[in-house]
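One structure is given below, encoded as structure tokens.
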Amino acid sequence: MSLPTKYPARSHAQRVAEQLGAEFSDAVYLLTSPTLELYPYCDQTQPFRQDRYFNYLTGAHDLSGAAVTYDVKNDKLALWLPELDEEDVMWSGLPLSLEQAKHKYDVDDVKYINEKDAKVDFAGRRLIGIEEIKHSSKYFTALGSGYTVEKKLQDALDLARSVKDEYEIALMRRAAEITDNSHLAVMSALPIEQNEGHIHAEFVYHAMRQGSKFQAYDPICCSGTDCGTLHYVKNDQELGNEKQLVLIDAGAEWQCYAADVTRVFPINGEWTAEARNIYTAVLDMQTQTMNKIKPGQSWDELHLLSHRILVEKFLEFGIFQNGTVDEILAARTSVAFLPHGLGHMLGMDTHDVAGFPNYDDSDPMFRYLRLRRDLKAGNVVTVEPGIYFNNFLLEPYLKDEKHLKFINKEVLDKYMPVGGVRIEDDVLVTKDGFENLTKITSDPDEVASIVKKGIEKGRSHFHVVV
Ligand code: GLY
Ligand code: MN
Ligand code: MN
């Protein structure tokens, strides 16, 4: 099947209308893209990040100060560009013309944002949007026809966004491919990476070389016991010989679509016995849960399965004791070592919409699970089990007899230097199973040998060909 040549904005608008149903069949949706903002007390603009809902209805991932309208009754999608600002052309060059935009985007009409045209098109119509009136919306709302923020519109957009079409999947494949290459580059270049900052730089360099100007999120580059900090932000410590592991969680963005991948490798190319145990346990958690992915599968169940495997492995390693798997699971002691969820929706946002998390869940095992639905074909999710040895998180458990009785402190102490392991891949739910979009190896022997080869050569042995 060949892909449409343009981002399928019209079919997205139609899908949203379908979700919204008859109650809104006379409405006109109005969404806007952010305007460029200056930093306070400075004439420099802040980095631009496209509004994901605007992008969903246009595919115009780099247009600022624009608007899109979708007239449900007449099935008309229109893109509204900001009027030409001559001073801005002097500094930033010519923007897209109306003709160029019409050619580039899958819309029925392209116009400049001005009150006159908006009045002709929308006088007396019911305008609905997802946010309070701001920037370019004012031209449309000056009509006297009213404008309301409709939560149902946002819900419909979210549900439509959660099922990816072929075109979106192609964009996500490209984000995944760039991410694979950049992770491989990092893994291959240990001799020139002596600091977490070097790992960060290596990843971003390779992602940018392949055309990803933006990362889906700030790369998490940690080493040693800092691998136990889930969203570590410092990225500035020396790797050092006494540390065991590096953990890098990084994903490129491709035309607003994200990848989100984590790999872990031994700093000197050799797994310690404890690090290998933990790594293979996490890999087993990932493999077993991923293999069950198919439409209709409950994500809660897979999350629970990942905890069950953790408990079984910890009993095997001797970190847990004095209880059966079911008793330890029921006590929720494993939450100390796996405090986050098995995965989340992935799309334009890294933690994408329509996962319906419940951050107030009284059960700590499910509180940070960002996906609480049964899976559907077309969902893209991360599968990212982890095991962490984080002093701060463990302390309350070690003080609570309910948990302490299951933990062998002496064995645990041997595992503390492992810090943390997470293995994270991006997975598409297909109509009868799943497809893993992440191709970079997570096999512990292959990973170690990639690292070792770099160390032997004394330089990176991987070069991205673009
Ligand atoms: N990179 C953030 C996460 O894995 O959810
Ligand atoms: Mn993730
Ligand atoms: Mn991640």
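Quick note on the working numbering: the sequence shown kicks off at 813 and runs consecutively. Backbone N, C-alpha and C define an ideal beta-carbon position, used for all residues, glycine too.
Check, Outcome
"Alpha-carbon to alpha-carbon, D992 and H1156", "19 Å"
"Whole-angstrom distance between M1160 and F860, CA atom to CA atom", "15 Å"
"Residues sharing a beta bridge with Y1069, DSSP", "W1066"
"Residues sharing a beta bridge with C1034, DSSP", "L1059"
"Any non-hydrogen atom of ligand 3 closer than 6 Å to T1041 Cβ", "no"
"8 Å Cβ shell around R1088 - same chain, five flanking residues per side excluded", "P1256"
"As assigned by DSSP and simplified to three states, the class of Q856", "coil"
"Separation of T1099 from G1130, as counted between CA atoms", "23 Å"
"Proximity below 7 Å, CB of H1018 to CB of C1033", "no"
"Ranges of the alpha helix (DSSP H) found wholly within the segment 892-933, counting only runs of at least 4", "898-904, 910-916"
"DSSP-derived helix/strand/coil call for V1259", "helix"
"T1242 versus V840, E978, K1264, I1235, residue with shortest Cα-Cα distance", "E978"
"According to DSSP, residues forming a beta bridge with F1077", "V1058"
"Residue range of the alpha helix (DSSP H) that includes L1086", "Leu is not the amino acid found at residue 1086; the sequence shown has Glu there. Unbroken alpha helix (DSSP H) run through E1086: 1085-1102."
"Between the CA atoms of L939 and V1233 - distance to the nearest angstrom", "49 Å"
"Buried/exposed call for I925, threshold 16 Cβ in 10 Å", "buried"
"Quiz: which residues have CB nearer than 6 Å to ligand 2 non-hydrogen atoms", "D1072, H1156, T1194, E1196, E1236"
"Beta-carbon proximity of V840 to L891, cut-off 7 Å", "no"
"Contact check, L1216 vs L1224, beta carbons under 7 Å", "no"
"D992 in three-state terms, based on DSSP", "helix"
"Own chain, CB closer than 7 Å to A968, minus 5 neighbours either side, in chain order", "V828, Q831, L832"
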